[in-house]
RNA sequence: GGGCGUAUAGCUCAGUGGUAGAGCACUGUAUUGACAUUGCAGGGGUCGGAAGUUCAACUCUUCCUACGCCCA
């Protein structure tokens, strides 16, 4: 097959991808091979490929292709995540556009709509991953809502429940009033926004006064609306200003609620007045203070509904005018916050803030401006409300124990290691994980509630479901069994899906005509956090809980690659669930990479409009170039700044390889037939064999350490700077006009060059799969595709003399070129040279490689012996231990002063170096205390530079 | 407030206790057979600052400064 003169990535990418996928190239049958397994961080089913995915998946593909080439049974599990909140939002938004809404449907109806959406437009990203060249096992594509996955989720939930590691609890959650669901701590983002700090007077009750005579306590808050549900005022136990009033009461303005003054260390005497209002139902700190003050969670007052509008508190003291107001100003309409402040001000309870203008005048404001750390929901984008509800919690602290130990003792290696500290810091301070979500799309919680049985009578507690009887099991059949055991045969058991809201009271229950001998069980309407299911990814994707062969062979996985941003969300939770369900760490190694940033270092975001579309880059430069860029920039522990020039550079690299292959083809260099290096006698051929080995060793070492940058640079440098720049130039004389194409040198060189090019294609394949596969086949008929070829075997014997000889020719060539350039001699000029006292290497190389010396160094003839008298330039050649001086007469070619200047410059450099080394060597401390190798090296370097200086001085003398 | 990370050539980044590297950019130069998406040659860095350890520090330690991230 002949190659076009220009390389066009687009033309080959789709073709090869299709071929690989259809021919099973991504997962060849290798039943007896050692397993190598990676699971892909499942992207959201709603997602589309962004630059971060491109990085993450490129790295994984490099590893998986590398291991596949090394003969392993390489499995890359791929799939998508059902992304509860995100997906439900997408479908609801689409409904909105049609003036439709979720609640127009039954739960089942809506979920079916989501499935429809998923079938039609979900998984865009999986097609985009193909464009990148990712070699995942698509035949086993997974989805976290697959039937077998659901089985795994249910089993895990039930097991955890039975082990007491999942429980229902009433406490404050992070409530998203836009999405109307609880979310976990990790889904909350703290942002600092400008806000206000208001100061209020809370009048003391019963005529009590402070020691200074005041009849009120001053409190301050950034959230005045919560005062409607205040239940205490706290002061520090050691704060003498308030010691006399601890245990006394204040009467809250507006509600008139009588609340105690309590002593609690949470109150900071240094902050404001030292007294703080306590709203246990709406603030995490206050919740704790409230509990310490003896208020049960169930008794804490709540003044906001699910949409964060004011509702009546249990004591009924909130005036009607406030009911229904939103928590704060929204869409230009004042809310409860503004109303409370206005009312307090009107009633004289507001203490104004006095600010000074630049001119020193005092001005009164209602509040002090302040920067406020405020929690936002990462999906909904609105301020999170701490809200008192019943939710399911996972005992994360218990589950974290084994993962902590795994990382501590090296069972799991985190790369780069610097992340370990962050990991420990989080895991050791982990909070209970709220896993229930008030959504319809997701894994339904396998818990059913029924009336509790007290002394033979059934009773429902409508205000607090957690006190009702709960049955947790994987199926209704099991629940029925449990229920029968609990209620006895006297009751008929029925499952009913009617929403809880339909049965608010016992009276409703009776009114529905439910006979007294019937028990109705209702499943918890909530679903599980999506991360609860993705935590099972390393084994549920392999068939767990069934004991499949696949699971046996591929769990534990070998490596996980993820962005550090999901270390806690996903990686840590996989560790927990791996240990809990499988009794093992899910993988021995975790590689964390950084973010891809915009060229200016800013975080890419849609709102900033600075996102770079990886597909656009692929269109422009080819997938291979983008991949290579990702790999070359991926040094451990640093974010990657986008640099399109560099992507372009790697496109150029691909073109270079393309053209090198064209050159090979034009000289009859084709596919090699052996994995082992061919037998070679010519120095250049031995040299390139040695260089292939060195490159392979370097790449293997880099890959073992997951140094993607080092591996990419090694193959890049070898291909361009060694193979193209030197080897192909060195062998050109063999194929030159007049040379015998059937003679040994040409035959051997064709074999070696073909072999070396093949090794390049194999070693480059993990990084640039498309162009390498194309060239692999262009080079000749092959028994197999490159994707399933064999990684180079770096063992081959090459003679040191041969490689030294080529190093010597290269050094000579470089030095001659450099000298010519400095002296203004045309680079093409062929010059005669004399070698007065050649080394052994020089003697043999001048004889055997005269063609290369003529062609590259452009020296001819090269005469062994003393140069004739007269001006000359001098260059040296080094290779291994050999060091030779070439004298090149300049008569009539160049002005002598230029050569003098050049030599003087070189002499000064050598003398400076020699002097510095001499100084070091004359330091007794250095000679005695430094490592012997270092001393030896210094001696060698000194000898070299001293000799060089001598040679240069002699050359200068000759010039006169 | 706690923790972590980064600071090396104009730019983006590697790097090692023993005379500083790559890519891009820049300068000079080369053009009829692999390749101008190129070749050849070259300029450019007191390795953020200060102190310490060491025969020797860009590298190790401490402190400082700047920037970034995470947690509270």
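Residue numbers (the numbering used here): 23 to 982. The beta-carbon is built from N, C-alpha and C at its ideal position, and this holds for glycine as well.
Could you tell me how far apart the beta carbons of residue 187 and residue 416 are, in whole angstroms, since I believe they sit closer than 8 Å? About 6 Å separates the CB atoms of residue 187 and residue 416; that is less than 8 Å, so the two are in contact.
Would you mind reading off the limits of the alpha helix (DSSP H) that contains residue 642? That run of the alpha helix (DSSP H) goes 636 to 643.
Looking at the secondary structure, which residues open and close the alpha helix (DSSP H) in which residue 566 lies? Counted as a single uninterrupted DSSP element, the stretch harbouring residue 566 is not any alpha helix (DSSP H), since DSSP gives it neither H nor E.
Residues near residue 785 in its chain [Cβ-Cβ closer than 7 Å; skip 5 each side]: A distance below 7 Å between beta-carbons, with the five flanking residues on each side excluded, links residue 785 to the following residues of its chain, in chain order: 717, 718, 721, 737 and 814.
Taking DSSP's pairing of strands, which residues face residue 466 in a bridge? DSSP, once it has assigned bridges, lists 549 as partnering residue 466.
Collapsed DSSP secondary structure at residue 216 in the structure displayed: Strand.
Check for me: the alpha helix (DSSP H) holding residue 598 runs from which residue to which? Unbroken alpha helix (DSSP H) run through residue 598: 594 to 599.
Sort 890, 294, 788 and 873 by Cα distance to residue 882 and report the nearest one. The shortest Cα separation from residue 882 among 890, 294, 788 and 873 belongs to 873.
Spatial neighbours of residue 289 within its chain, please: C-beta separation below 8 Å, excluding the five flanking residues on both sides. 256, 257, 258, 261, 296, 297 and 298.
With DSSP run on the structure shown, which of helix, strand or coil describes residue 384? Per DSSP, reduced to three states, the secondary structure at residue 384 is strand.
Nearest candidate by alpha-carbon position, reference residue 822, set 515, 712 and 414: Measuring from the Cα of residue 822, the nearest candidate turns out to be 712.
For the alpha helix (DSSP H) containing residue 799, name the first residue and the last one. It spans 791 to 800 - the alpha helix (DSSP H) in which residue 799 sits, taken as one unbroken run.
Assign residue 930 to one of two classes, buried (16 or more other C-beta atoms within 10 Å of its C-beta) or exposed (fewer than that). Exposed, because fewer than 16 other Cβ atoms sit within 10 Å of the Cβ of residue 930.
Which ranges would you report for the alpha helix (DSSP H) in the region 231 to 283 if only whole runs of at least 4 residues count? Those alpha helix (DSSP H) runs which fall completely within the region 231 to 283 and span 4+ residues do not exist here.
Short of 7 Å in beta carbon distance, which residues of its chain neighbour residue 267, apart from the five on each side in sequence? Order them along the chain. The answer, listed in chain order, is 226, 230, 232 and 283.
Have a look at 136, 84 and 65 and flag the residue whose alpha-carbon is nearest the alpha-carbon of residue 102. For residue 102, the closest alpha carbon among the candidates 136, 84 and 65 is that of 65.
Can you tell me which of the three DSSP states residue 344 falls into? Under the three-state reduction of DSSP output, residue 344 falls in the helix class.
Cut-off 7 Å between Cβ atoms - residues of its own chain near residue 820, not counting five sequence neighbours on either side: Result list for residue 820: 708, 711 and 712, in chain order.
Beta strand (DSSP E) segments (min. 3 residues) lying fully within the region 887 to 938: Considered as a whole, the region 887 to 938 harbours 894 to 901 and 904 to 911 as its complete beta strand (DSSP E) runs of no fewer than 3 residues, in chain order.
Residue 190, enclosing beta strand (DSSP E) - first and last residue: 188 to 198 is the extent of the beta strand (DSSP E) around residue 190.
Those runs of the alpha helix (DSSP H) which lie wholly inside the region 739 to 770 and span at least 4 residues: Positions of the alpha helix (DSSP H) runs, each at least 4 residues long and wholly inside the region 739 to 770, are given as 750 to 757 in order along the chain.
Is there contact here, the region 117 to 136 with the region 823 to 839, by at least three beta-carbon pairs under 8 Å? Result no; under three Cβ-Cβ pairs closer than 8 Å.
Where the beta strand (DSSP E) through residue 611 begins and ends: Counting along the chain, the beta strand (DSSP E) containing residue 611 begins and ends at 611 to 615.
Mind checking residue 105: buried by the 16 CB within 10 Å criterion, or exposed? Burial call: buried.
Own chain partners of residue 607 with C-beta closer than 7 Å, once the 5 adjacent residues on each side are dropped: So the list reads 428, 433, 434, 578, 597, 600 and 601, once near-sequence residues are dropped.
Limits of the unbroken beta strand (DSSP E) element including residue 818: No beta strand (DSSP E) holds residue 818; DSSP gives it neither H nor E.
Bridge partners of residue 95, per DSSP? Its beta-bridge partners are 57.
With burial defined as no fewer than 16 other Cβ atoms inside 10 Å of the residue's Cβ, what is the status of residue 673: buried or exposed? Counting Cβ neighbours within 10 Å, residue 673 comes out buried, since at least 16 surround it.
Taking the alpha-carbon of residue 201 as reference, which of 303, 178 and 329 has the nearest alpha-carbon? The shortest C-alpha separation from residue 201 is found at 329.
Find out if the Cβ-Cβ distance for the pair residue 468, residue 494 is shorter than 8 Å. For residue 468 and residue 494, yes; Cβs fall inside 8 Å.
Three or more C-beta pairs under 8 Å: does that hold for the region 547 to 555 against the region 567 to 587? Cβ pair count under 8 Å is below three, so no.
Touch test, the region 61 to 78 against the region 146 to 158, Cβ-Cβ under 8 Å, three pairs minimum: Touching, yes, given that three or more Cβ pairs across the two stretches are closer than 8 Å.
Mark residue 806 as exposed unless 16 or more other C-beta atoms lie within 10 angstroms of its C-beta, in which case mark it buried. Counting other Cβ atoms within 10 Å of its Cβ, residue 806 stays below 16 and is therefore classed as exposed.
Residue 969 to residue 879, Cα distance in whole Å? Residue 969 and residue 879: Cα-Cα distance of roughly 23 Å.
Once the 5 residues before and after residue 34 are set aside, which same chain residues still bring their CB inside 6 Å of it? Closer than 6 Å at the Cβ level, and outside the excluded window around residue 34, lie 792 and 796.
Whole angstroms is fine: what's the gap from residue 665's alpha carbon to residue 887's? Cα-Cα distance, rounded: 54 Å.
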